[in-house]
Amino acid sequence: MTITEKILAAHAGKERVSAGELINAKLDIILANDITAPISIREFNKIGAKDVFDRNKIAFIPDHFAPQKDIKAAEQCKMLREFSREHELGLYFEVGRMGIEHALLPEQGIVLPGDVVIGADSHTCTYGALGAFSTGVGSTDVASAMATGECWFKVPESMKFVYYGTLNKWVSGKDLILHTIGDIGVDGALYRAMEIEGEAISSLPMSGRLTMCNMAIEAGGKNGIIVPDDVTEAYVKARAKREYTFYTSDKDAEYVDIREYDCSKIQPTVSCPHLPSNTKAAAELSDISIDQVVIGSCTNGRIEDMREAAEVIRGKKVHPNTRMIVIPATQEIYLQAMREGLAETFVQADAVFSTPTCGPCLGGHMGILAKGEKAIATTNRNFVGRMGDPGSEVYLSNPAVAAASAVMGRIAVPEEVQ
Amino acid sequence: MILKGKVWKFGDNIDTDAIIPARYLNTSDPDELAKHVMEDADKDFPDKVKKGDLIVAESNFGCGSSREHAPIAIKAAGIQAVVAKSFARIFYRNSFNIGLPIFESDEASEKIAEGDEIEVDADNGTIKNLTKNEEYTAKPIPPFMQELIAAGGLIEWTKKRIKAS
Ligand code: SF4
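Sequence order for the protein chains is A and B. Residues in the first sequence are numbered consecutively from 1428, following the working numbering. Residues in the second sequence are numbered consecutively from 15, following the working numbering.
Now the structure itself:
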């Protein structure tokens, strides 16, 4: 069996499961945010359950339109607070304690290797980087799961992605996953598990692994997953407050497809409007002028991303025609960035340094694009209207390329500003 | 159940940001969401669409976010069903959970044009094109999904399970 199959089998109380089989699995963590939880709450109330199945396994995180950007958003956030109080949820994170959900849960040791996690948010697939099975579902799925502690799944077929060699300078997990999506397309892994491995992955830090699994959904994948190793152990050891299990894939596990990539051939990569699969080498895009740079999100808002961007922009200024917005993904990252002087580096470069929020990533607030404006962002989606007006454009990149582009006022590679 | 109506045609990879842009997600009121349905794919769509119409699209319909607001907006706009070559998995799941009928058919997606009058038999997946006088078949709906539909969606299904246990 594959790691995905083994985790699902264990949570369904079965010896074996195979691709295509429909199962009911027990859940370790259930997640919803200020956009999706209000519907979950409404639907949960219709079920007529006495209480939630386990008050310590439900995480409610207001992060999308929080700090509350307008009255309607405030009302939605209020529903989360009230429900959390009423049911005494142990994992409710108020503004000031919250962070972007997919950065916060791994950082706080709330999701762990071997878990089955669902979230009413498509990027719930992020936690596969820890060797967990995690996937995005809808609000109604979460409502039902809050009552029963279970969720139905079709066991996905697995597809293997192997990365050989060592990474070029300024190439990170983001570039590997953008390159991969460019290769297989936005539905190239539809309904499937994307199992990621290889020597380049063994030496990839947890931040890069989280970035890669985060974008599995951008290839249509059900989950991304990496077999846990020493890097995983080092990451979770200090954070975990409960037991966790490392699963591996068997030698004879079945894969519907295996893709191999030679990392020496992968350059800093950019996804052009309006699909993540529309990839080009960053170096080929130097004629694209940039109005706004965003560094943050559940994809690239971790401390390593802050460091990478700061390294490029330190001692320089954001181009006069460009604005730059930096958003650390959690309070802990925010604090760390201050301690290391990164916040100061950004502000001195004339960038905005914001409190944690999803904000501009989904065109919510804190950096919305006007018609005709172009942004380069370390986020994960560049669909029409994603960051504002339907006539605006978003390019996706790693933090170093985004920071270099801020300095040049056009898409640029880090070498150009060094 | 027979779903008969006029078709609006869309292409590949219609994402949930096109179906219901995030800027409207500070509410989850179905009628509010319906006012902006498909707006970023076709800005006049909310005005043009009539109750009882159907959507026919190509591959990977509903890709992107997990927002249930997407099938809710479609349903609240009075669209009876969506036919596509394939659906993104969370959208697929959400549609069954909330009771928006969806059908997968390559042939229907290729042959149906905008403005065609079609008739979908939700029970057996037969799609009749009344304008072109053709007939296509959708992929069968998996047994568990049929169970969900029969129960009246996931919430009703869960209610029954809780009562039984
Ligand atoms: S940062 Fe962007 S992609 Fe991530 S959870 Fe927030 S809105 Fe979604």
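Note that beta-carbon positions come from the ideal geometry of N, C-alpha and C, so glycine has one too. Predicted model only: the values in this text are computed from it and were never measured.
Own chain residues within Cβ distance below 7 Å of residue i, not counting five before or after
i	result
Lys1649/A	Thr1562, Pro1583, Tyr1618, Arg1619 and Ala1620
Thr1575/A	Phe1480
Ile1604/A	Thr1638, Met1639 and Met1642
Phe1580/A	Leu1435, Ile1450 and Ala1452
Thr1675/A	Ile1430 and Val1654
Residue i CB to nearest heavy atom of the ligand ZN below 7 Å
i	result
His50/B	The model depicted lacks the ligand ZN and carries the ligand SF4 instead.
Bounding residues of the alpha helix (DSSP H) (the contiguous stretch that carries residue i)
i	result
Ile1608/A	Gly1600 to Ile1611
Glu1584/A	Run containing Glu1584/A: none; DSSP gives neither H nor E here.
Thr1575/A	Ser1566 to Thr1575
Thr1672/A	Unbroken run through Thr1672/A: none, as it is neither H nor E.
Glu1687/A	Glu1687/A -> not in any alpha helix (DSSP H); beta strand (DSSP E) instead, spanning Asp1684 to Asp1689.
Val1774/A	Leu1769 to Gln1775
Tyr1554/A	Run containing Tyr1554/A: none; DSSP gives neither H nor E here.
Ala1500/A	Ile1498 to Glu1513
Ile163/B	Pro157 to Ala165
Thr1726/A	Ser1724 to Asn1727
Glu1534/A	Glu1528 to Glu1534
Ser109/B	Arg103 to Ile112
Ser80/B	It is not in any alpha helix (DSSP H) - Ser80/B carries neither H nor E in the DSSP assignment.
Thr30/B	Thr30 to Ile33
Sequence-distant residues of its chain with Cβ nearer than 6 Å to residue i (five each side left out)
i	result
Ala122/B	Val97, Ile141 and Tyr150
Ser1599/A	Gly1635 and Asn1825
Lys1655/A	Correcting the residue type first, residue 1655/A is Pro in the shown sequence and not Lys. Taken in chain order, the residues that qualify are Pro1540, Gly1558 and Phe1673.
Ala1556/A	Arg1636, Leu1637, Cys1640 and Ile1653
Ser1698/A	Leu1605, Asn1705, Thr1706, Asn1809 and Leu1823
Leu1531/A	Thr1757
Ile1752/A	Val1721, Val1779 and Gly1794
Helix, strand or coil at residue i according to DSSP, with G and I counted as helix
i	result
Leu1823/A	strand
Tyr1591/A	strand
Met1751/A	strand
Trp171/B	helix
Gly19/B	strand
Met1814/A	coil
Ile1644/A	helix
Arg1741/A	coil
Met14/B	This structure cannot speak to residue 14/B, because chain B is shown only from 15 to 179.
Ile1434/A	helix
Val1544/A	strand
Ala1778/A	coil
Val1522/A	coil
Glu1731/A	helix
Ile1628/A	helix
Phe117/B	strand
Ile1871/A	Absent from the structure is residue 1871/A, since the part of chain A shown begins at 1428 and ends at 1845.
Leu1712/A	helix
Cys1788/A	helix
Ala1493/A	coil
Phe24/B	coil
Ala1680/A	coil
Other residues of its chain near residue i: CB distance less than 8 Å, five sequence neighbours each side excluded
i	result
Phe101/B	Asn74, Phe75, Gly76, Ser109, Ile116 and Glu118
Tyr1671/A	Leu1539, Pro1540, Gly1541, Asp1542 and Val1663
Phe59/B	Trp22, Val51, Met52 and Glu53
Ala1710/A	Gln1694, Pro1695 and Val1840
Glu46/B	Tyr38
First through last residue of the beta strand (DSSP E) which encompasses residue i
i	result
Gln1758/A	Here Gln1758/A belongs to no beta strand (DSSP E); instead the alpha helix (DSSP H) covers Gln1758 to Arg1766.
Gly140/B	Residue identity differs from the one stated: residue 140/B is Thr in this sequence, not Gly. Its beta strand (DSSP E) spans residues Thr140 to Asn143.
Gly1635/A	Unbroken run through Gly1635/A is the alpha helix (DSSP H), Met1633 to Asn1641; no beta strand (DSSP E).
Phe1471/A	Segment Ala1464 to Ile1474 is the alpha helix (DSSP H) holding Phe1471/A; no beta strand (DSSP E) there.
Leu1458/A	Ile1456 to Asn1460
Asp135/B	Glu131 to Asp135
Tyr1662/A	Counting along the chain, Tyr1662/A falls outside any beta strand (DSSP E), though it belongs to the alpha helix (DSSP H) covering Asp1657 to Lys1664.
Ile1450/A	Leu1449 to Lys1453
Lys1707/A	Thr1706 to Ala1708
Asn1650/A	Asn1650 to Ile1652
Tyr38/B	From DSSP, Tyr38/B is part of no beta strand (DSSP E); its letter is neither H nor E.
Met1621/A	Ala1620 to Glu1624
Lys1801/A	Lys1801 to Ala1804
Phe1487/A	Ile1485 to Ile1488
Ile69/B	Leu68 to Val70
Say whether the region 1667-1679 of chain A touches the region 1630-1646 of chain A, bearing in mind that this needs 3 or more beta-carbon pairs closer than 8 Å, one atom from each stretch.
No contact exists between the region 1667-1679 of chain A and the region 1630-1646 of chain A.
Specify whether the region 58-74 of chain B and the region 32-44 of chain B touch according to this definition: at least 3 beta carbon pairs, one from each stretch, less than 8 Å apart. With the cut-off at 8 Å, the region 58-74 of chain B and the region 32-44 of chain B do not touch.
* If you pair each beta-carbon of the region 1773-1793 of chain A with each one of the region 1741-1753 of chain A, do three or more pairs fall below 8 Å? -> The region 1773-1793 of chain A vs the region 1741-1753 of chain A: in contact.
* For the 8 Å Cβ check, are there 3 or more pairs between the region 1794-1812 of chain A and the region 1759-1768 of chain A? -> Counting Cβ pairs under 8 Å, fewer than three are found: no touch.
Review point. Below 8 Å, can you find three or more Cβ-Cβ pairs linking the region 1502-1520 of chain A to the region 1815-1825 of chain A?
Key: Not touching, per the Cβ criterion.
| message | Under 8 Å, with one C-beta from each stretch per pair, do the region 1588-1604 of chain A and the region 1689-1708 of chain A reach the 3-pair mark? | response | Of all C-beta pairs linking the region 1588-1604 of chain A to the region 1689-1708 of chain A, three or more are shorter than 8 Å, placing the two stretches in contact.
(Q) Check whether the region 1786-1793 of chain A and the region 1678-1688 of chain A are in contact - that is, three or more C-beta pairs closer than 8 Å. (A) Segments in contact, no.
*Is it true that the region 1437-1449 of chain A meets the region 1487-1502 of chain A, where meeting means three or more beta-carbon pairs spaced less than 8 Å apart?*
Contact between the region 1437-1449 of chain A and the region 1487-1502 of chain A is absent, because fewer than three Cβ pairs lie under 8 Å.
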